[in-house]
Amino acid sequence: MQTMSWPLHIFSLFLLCLTVISQGLTIYELNSGHHEYLAVSVRNQDLNEVASSVLMAEKWLRIHVLASYPASKITHIVVGHNLLCFSQTHHFDSVLPALKNLHHSLTRWGLERAIKVSPSLSSHC
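Take the sequence shown: its position 93, counted from the start at 1, is 120 in this note's numbering, and no numbers get skipped.
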């Protein structure tokens with residue numbers, strides 16, 4: 028398995044954060060040379076559920092990531108679409124618990140190094 032260097036990870040994540048546009052479950056392609064890397068976003072509708080417990084995060088992970096991994100090269104999970112843009116303050120308290128629960132679930136599967144979890148940051152506000 029070939030790994031991306033840390034500057035490429037940071038650059039890919041930066042590009043990913045700038046392109047979060049859709050509210051639905053979205054898979055973003057991050058092209059790096061000859062490899063295609065993907066990112067999956069947690070819909071705002073699923074945010075409270077994923078934040079509520081590790082079991083719910085595990086359920087979300089199984090359905091949206093593990094069902095197609097490793098065939099699809101998912102490298103990032105993005106949480107909290109446009110929360111800073113549209114005054115969706117009711118979701119603010121859910122972002123950190125969702126990040127922690129997803130990271131814990133990835134750790135249980137041994138994927139914490141292969142798949143990174145990050146909050147969504149948008150420049151389209």
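We put the CB at the ideal spot given by N, CA and C, even for glycine.
Keep in mind the model is a prediction, meaning the values are calculated, not measured.
Item                                                                                                                                   : Value
Taking the C-alpha atoms as reference points, what is the distance between H61 and H131?                                               : Caution applies to H61, whose pLDDT of 47 falls short of 50 and renders its modelled position unreliable; the value that the coordinates give is listed next. About 31 angstroms.
Can you tell me whether L129 is buried or exposed, with buried defined as 16 or more other CB within 10 angstroms of its CB?           : buried
So who's on the other strand from S68, going by DSSP bridges?                                                                          : V105
Would you kindly report the start and end of the unbroken beta strand (DSSP E) that includes V22?                                      : Because residue 22 is not part of the residues shown, which for the chain are 28 to 152, the question remains open.
May I ask which residues mark the beginning and end of the alpha helix (DSSP H) holding L88?                                           : V81 to L88
Here's the rule I'm using: 16 or more other beta-carbon atoms within 10 Å means buried, otherwise exposed. How should A98 be labelled? : exposed
Going by C-alpha distance, which of L88, S95 and L148 is nearest K127?                                                                 : L88
Is I101 buried or exposed, if buried means 16 or more other CB atoms sit within 10 Å of its CB?                                        : buried
Please report the distance separating the alpha-carbon of I142 from that of V105.                                                      : 11 angstroms
With a Cβ-Cβ cutoff of 8 angstroms, do V144 and L133 count as a contact?                                                               : yes
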